[in-house]
Amino acid sequence: MIRTLRPGSRCYRGNLHTHTTVSDGRKPPDEAVRWYREQGYDFVALTDHWKPAANVHDDGILVVPGVEFDGVDPELGSYHIVGLDITTSPERGALVGPDTIVSYIADQGGLAVLCHPYWCGMTSWAVGRVEGVFALEVFNSTCEVHIAKGLSSVHWDDNLAAGKRLWGLAVDDTHWGRHDYGGGWVMVQADELSIPALREALLAGRFYASTGPDIFDFAVDGGRAYAHTSDAARISFLCDAHRGSCLYPEGGAVITEGEYTVPEEATYVRLEVTDSQGRKAWSNPLYLR
Ligand SMILES: [Zn+2]
Ligand SMILES: [Zn+2]
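Each residue of the sequence shown is one higher than the one before, counting from 40 in the working numbering.
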């Protein structure tokens with residue numbers, strides 16, 4: 040059996056991309072952290088542009104320090120990369136190229152995420168050229184709210200089909216101008232609420248991304264994919280190219296379970312859940328070979 044989630048395990052809810060007045064966000068760091076705590080989040084990452092995160096401590100929520108870097112590569116075009124669990128940043132522009140940025144993040148002991156490729160105008164090919172990121176942002180609230188380019192699922196599928204291994208995050212990328220907060224999050228099955236435990240679960244893909252619905256189980260066993268979700272208007276299994284299947288409830292009700300026979304040729308399968316309000320959840324891909 041292949042699965043990344045552990046059914047029945049506690050999930051910690053968090054936003055892994057947030058701006059504050061340390062760069063171009065409109066809320067000071069402590070207020071930003073408090074907002075997420077008041078909404079019931081378990082953790083929040085502060086990821087200002089080229090600035091180390093403010094050292095905020097809040098008893099009710101775990102704060103993950105991070106930094107967002109960016110640049111324009113002659114071949115790949117514009118790109119943004121978040122480093123999670125790092126506390127330093129050089130001056131803006133001092134790191135040139137995705138490889139240099141990813142190496143810097145690794146040297147600082149952090150985890151690198153490729154941010155909002157659709158918003159950046161990255162092609163799927165360009166995404167594939169960025170090495171050393173453990174995930175991409177399949178959904179980004181601020182990119183959705185401002186220019187309707189929050190969803191990067193095609194970039195994700197193109198790269199999964201090409202054999203690249205990337206987990207998928209939903210994040211806010213909150214700037215606190217328009218309503219770009221509380222729209223996208225991850226549910227992480229960490230062993231406890233600590234940065235080392237979060238890192239371990241994130242790298243293992245033991246999480247799902249959401250703008251609303253929940254995923255309770257997603258597994259492949261003997262060629263059958265199985266999903267158990269919160270109330271859904273559609274449960275979709277996505278594989279390479281044209282392979283996959285959408286399941287709908289009969290008579291306008293909802294479904295909470297689905298099964299799909301994964302084609303022999305498929306190299307991965309992932310799950311998307313859509314609720315009656317059009318909100319979505321994304322499982323991580325299960326790699327079939
Ligand atoms: Zn960005
Ligand atoms: Zn950002």
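No residue lacks a Cβ here, since even glycine has one placed at the ideal position from N, Cα and C.
TODO: Determine, using beta-carbon pairs with one atom in the stretch 294-305 and one in the stretch 256-274, whether at least three such pairs fall under 8 Å.
DONE: yes
Task: Three-state secondary structure assigned by DSSP to residue 54 - done: Working through the sequence shown from its first residue, we reach residue 54 at position 15. Residue 54 falls in the strand class under three-state DSSP.
TODO: Look at residue 245 and residue 57 and say whether their C-beta atoms are less than 7 Å apart.
DONE: Taking the sequence shown and counting its residues from 1, the one referred to as residue 245 is at position 206. Taking the sequence shown and counting its residues from 1, the one referred to as residue 57 is at position 18. Going by C-beta atoms, residue 245 is not nearer than 7 Å to residue 57.
Task: Distance cut-off 6 Å: residue 182 Cβ against heavy atoms of ligand 1 - done: By 1-based counting over the sequence shown, the position of residue 182 is 143. Residue 182: no, Cβ never under 6 Å from ligand 1.
Open item on the list: Using a 10 Å radius around the Cβ and a threshold of 16 neighbouring Cβ atoms, would you call residue 311 buried or exposed?
Closed with: Sequence index remark: in the sequence shown, residue 311 carries index 272 (1-based). So residue 311 ends up on the buried side.
TODO: Mind reading off the beta-carbon distance from residue 158 to residue 188? Whole number of angstroms is fine, and I expect it under 8 Å.
DONE: If you number the sequence shown from 1, residue 158 lands on position 119. If you number the sequence shown from 1, residue 188 lands on position 149. Going by Cβ atoms, the distance from residue 158 to residue 188 rounds to 5 Å, so yes, they are a contact pair.
Open item on the list: Quick check on the DSSP output: the beta strand (DSSP E) that includes residue 75 runs from which residue to which?
Closed with: Mapped onto the sequence shown, residue 75 falls at position 36. Careful: residue 75 lies outside any beta strand (DSSP E), inside the alpha helix (DSSP H) at 68-77.
Task: Selected residue, minimal CA-CA separation from residue 303, among 182, 326, 285 and 313 - done: Start at 1 with the first residue of the sequence shown, and residue 303 comes out as number 264. For the options 182, 326, 285 and 313, the alpha carbon positioned closest to that of residue 303 is the one of 326.
Open item on the list: Quick check on DSSP: helix, strand or coil for residue 240?
Closed with: Against the sequence shown, residue 240 aligns to sequence position 201. It is helical.
Open item on the list: Is the separation between the beta-carbon of residue 210 and that of residue 176 shorter than 7 Å?
Closed with: Sequence index remark: in the sequence shown, residue 210 carries index 171 (1-based). Sequence index remark: in the sequence shown, residue 176 carries index 137 (1-based). Yes, they are a contact pair.
TODO: Taking only the alpha-carbon atoms, compute the straight-line gap between residue 93 and residue 104 and give it to the nearest angstrom.
DONE: Within the sequence shown, the letter at position 54 stands for residue 93. Within the sequence shown, the letter at position 65 stands for residue 104. Approximately 8 Å, taken between the alpha carbons.
Task: Chain-ordered list of residues that sit, by beta carbon, closer than 5 Å to a heavy atom of ligand 1 - done: 119 and 154
Task: beta-carbon residue 212 near ligand 2 non-hydrogen atom, thresh 6 Å - done: Within the sequence shown, the letter at position 173 stands for residue 212. Under cutoff, so the answer is yes.
Open item on the list: I'd like the ranges of any beta strand (DSSP E) spanning at least 3 consecutive residues and lying wholly in the stretch 274-313.
Closed with: Counting only runs that start and end inside the stretch 274-313, the beta strand (DSSP E) elements of at least 3 residues fall at 283-286, 294-300 and 307-313.
Task: Cβ-Cβ distance between residue 322 and residue 257 below 7 Å - done: Indexing the sequence shown from 1 puts residue 322 at position 283. Indexing the sequence shown from 1 puts residue 257 at position 218. Their beta carbons are under 7 Å apart, which means residue 322 touches residue 257 by this criterion.
Open item on the list: Is residue 298 near ligand 2 - that is, is its Cβ less than 6 Å away from at least one heavy atom of it?
Closed with: Your numbering for residue 298 matches position 259 in the sequence shown. No - ligand 2 has no heavy atom lying nearer than 6 Å to the Cβ of residue 298.
Task: C-beta atoms of residue 308 and residue 278 nearer than 7 Å - done: Taking the sequence shown and counting its residues from 1, one reaches residue 308 at position 269. Taking the sequence shown and counting its residues from 1, one reaches residue 278 at position 239. Pairing residue 308 with residue 278 gives a Cβ-Cβ distance under 7 Å.
- [ ] Alpha carbon to alpha carbon, how far is residue 235 from residue 148? Give it in angstroms, no decimals.
- [x] Position 109 of the sequence shown, counted from the first residue, corresponds to residue 148. Position 196 of the sequence shown, counted from the first residue, corresponds to residue 235. Looking at the two C-alpha atoms, the distance is approximately 11 Å.
- [ ] Take residue 67 and list the residues in its own chain whose beta-carbon comes closer than 7 Å to its own, dropping the five residues that flank it on each side.
- [x] Numbered from its first residue, the sequence shown carries residue 67 at position 28. Here the set comprises 59 and 60.
Open item on the list: Within a Cβ cutoff of 7 Å, which residues of the same chain sit near residue 76, ignoring the five residues on either side of it in sequence?
Closed with: The residue you call residue 76 lines up with position 37 of the sequence shown. Answer for residue 76: 97, 99 and 100, listed in chain order.
Open item on the list: Quick check on this structure: which residue in 154, 250 and 218 has the alpha carbon closest to the alpha carbon of residue 173?
Closed with: Residue 173 sits at position 134 when you count from the first residue of the sequence shown. Closest by C-alpha distance to residue 173, out of 154, 250 and 218, is 154.
Open item on the list: Considering just the uninterrupted stretch of the alpha helix (DSSP H) at residue 331, what are its terminal residues?
Closed with: With the chain represented from 40 up to 328, any question about residue 331 goes unanswered, as that position is not in the structure.
Open item on the list: Going by beta-carbon coordinates alone, are residue 78 and residue 221 separated by less than 7 Å?
Closed with: Counted from its first residue, the sequence shown places residue 78 at position 39. Counted from its first residue, the sequence shown places residue 221 at position 182. Yes, these two residues count as a Cβ contact at 7 Å.
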